[in-house]
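Have a look at this one:
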């Protein structure tokens with residue numbers, strides 16, 4: 004597409020401000036040297052980020068991965084356990100260290116990371132506080148609930164095991 | 021996220037999603053878009069719609085440049101009815117750009133989004149969206165990306 008021609012057309016109909024409010028399209032084609040220079044400058048910015056800022060931005064990245072997962076975006080789908088593992092990696096914690104910080108038993112944290120236990124309300128609050136409020140408790144809670152919902156819909160083994168524990172089940176409605 | 025319905029001055033819920041096959045057909049047959057979006061299918065293309073609606077209010081084509089840890093914007097176009105002084109919905113391009121900042125955090129790029137623009141309108145992107153100039157390109161990252169997200173997606 005001839006963007007110069009299109010730009011001239013648009014200028015007949017819109018002010019420059021209106022164009023900037025409604026479009027982004029490229030200017031003149033960049034040379035390989037210009038592209039290489041931009042890549043170099045980009046990596047310079049990357050290398051200049053302080054460790055504190057990097058951790059903050061990585062935690063914000065985790066928050067948006069969790070948000071996009073909640074929204075059902077295919078490219079961000081993951082499990083709560085994996086999100087929690089990412090949290091541990093970003094904060095450079097050992098499992099035991101994080102369990103201590105959160106005042107929970109290391110075995111509880113291990114069970115959550117192995118997908119054998121869900122994150123409850125208390126832990127969601129604690130993770131929110133631990134992240135400096137960068138990751139809201141509701142994100143952990145909603146993702147955990149989504150997994151429980153999925154489990155209830157598909158887990159035949161648990162349903163049958165729990166059914167065996169029931170006495171005097173009402174016959175109404177049983178087919 | 022919310023876009024502003026100008027006639028009623030009310031904010032309405034909107035969503036950004038990846039384009040699907042049905043959407044492409046709608047875009048090709050629509051008079052609302054004048055750029056050749058068929059040529060953009062090689063990139064990742066997102067649409068902005070009102071929640072629960074199929075009418076596309078704006079489109080963005082991006083490239084995920086992994087080796088440079090950045091999202092590059094190739095094209096943004098508001099639907100015809102959302103342009104100029106008589107636009108129906110405002111904040112469409114702002115919401116699209118802010119969503120790209122979110123994606124750039126999601127992908128561990130520290131919110132780095134770049135675009136390449138006509139020289140005549142560079143200052144408008146820097147003033148309105150806090151983009152900065154770097155050579156021939158514009159970029160936004162870090163705290164400025166967070167401010168854009170806060171402005172358009174809160």
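Chains as they are written, first to last, in our numbering: chain A, 4 to 178; chain B, 21 to 174.
Cβ coordinates follow ideal geometry from the N, Cα and C atoms, glycine included.
Bridge partners of residue 161/A according to DSSP: none are assigned.
Residues are counted here when their Cβ sits less than 9 Å from a Cβ of chain A; for the stretch 86 to 98 of chain B these are 87, 88, 89, 90, 93, 94, 95, 96, 97, 98, given in chain order. Distance check between residue 25/A and each of 168/B, 33/B, 108/B, 169/B places 108/B closest, using alpha-carbon atoms only.
DSSP lists no beta-bridge partner residue for residue 32/A. Only 102, 103, 104, 105, 107, 110, 112, 113, 114 from the stretch 102 to 114 of chain B bring a Cβ to less than 9 Å from some Cβ of chain A. A buried status is given to residue 172/B, since no fewer than 16 other beta-carbon atoms sit within 10 Å of its beta-carbon. For residue 152/B, DSSP records a beta bridge to 159/B. Contact note: residue 139/B reaches chain A through 30, using a C-beta cutoff of 7 Å and chain order. Taking a C-beta distance under 7 Å as the contact criterion, residue 135/B and residue 159/A do not qualify as a contact pair.
A straight-line Cα-Cα distance of about 11 Å links residue 167/B and residue 151/B. Within chain A, the residues 67 have their CB atoms less than 7 Å from the CB of residue 122/B, given in chain order. Here residue 91/B is not near residue 118/B, since their CB atoms are 7 Å or more apart.
If you compare the alpha carbons of 40/B, 169/B, 84/B, 131/B with that of residue 74/B, the shortest gap goes to 40/B. Between residue 162/B and residue 67/A the beta-carbon gap is near 14 Å, outside 8 Å, which marks them as no contact. Remark: C-beta atoms of residue 59/B and residue 43/B do not approach each other more closely than 7 Å. Looking at the DSSP output, residue 61/A sits in no beta bridge, so it has no partner there. With three or more CB-CB distances shorter than 8 Å, the stretch 40 to 57 of chain A counts as touching the stretch 85 to 101 of chain B. Think of a sphere of 7 Å around the beta carbon of residue 125/B: the chain A residues whose beta carbon falls inside it are 60, 63, 64, 67, in chain order.
Listed as beta-bridge partners of residue 89/A by DSSP are no residues whatsoever.
Residue state for residue 145/A is assigned as helix, using DSSP reduced to three classes.
In summary, residue 141/B is buried, with 16 or more beta-carbon neighbours lying within 10 Å of its beta-carbon over all protein chains present. When the five nearest sequence neighbours on each side are left out, the beta carbons in the same chain lying within less than 8 Å of the beta carbon of residue 65/A are those of 86, 89, 90, 93, 138, in order along the chain.
A Cβ of chain B is located within less than 7 Å of the beta carbon of residue 25/A.
Not a single C-beta of chain A is nearer than 7 Å to the C-beta of residue 164/B. The C-beta separation of residue 146/A from residue 52/A comes to about 28 Å, leaving the pair out of contact by the 8 Å criterion. Neighbours of residue 128/B in chain A, taken as residues whose beta carbon is under 7 Å from its own, are 61, 64 in chain order. Residue contact with chain A for residue 25/B: absent (no Cβ-Cβ distance below 7 Å to any residue of chain A). Against chain B, the CB of residue 49/A has a partner CB under 7 Å away; the residue lies at that interface.
Look at residue 19/A: its C-beta is under 7 Å from a C-beta on chain B. Cβ-Cβ distances below 7 Å link residue 109/A to 98, 99, 102 in the same chain, with the five nearest sequence neighbours on each side left out; the list follows chain order.
When DSSP states are grouped into helix, strand and coil, residue 64/B belongs to the strand group.
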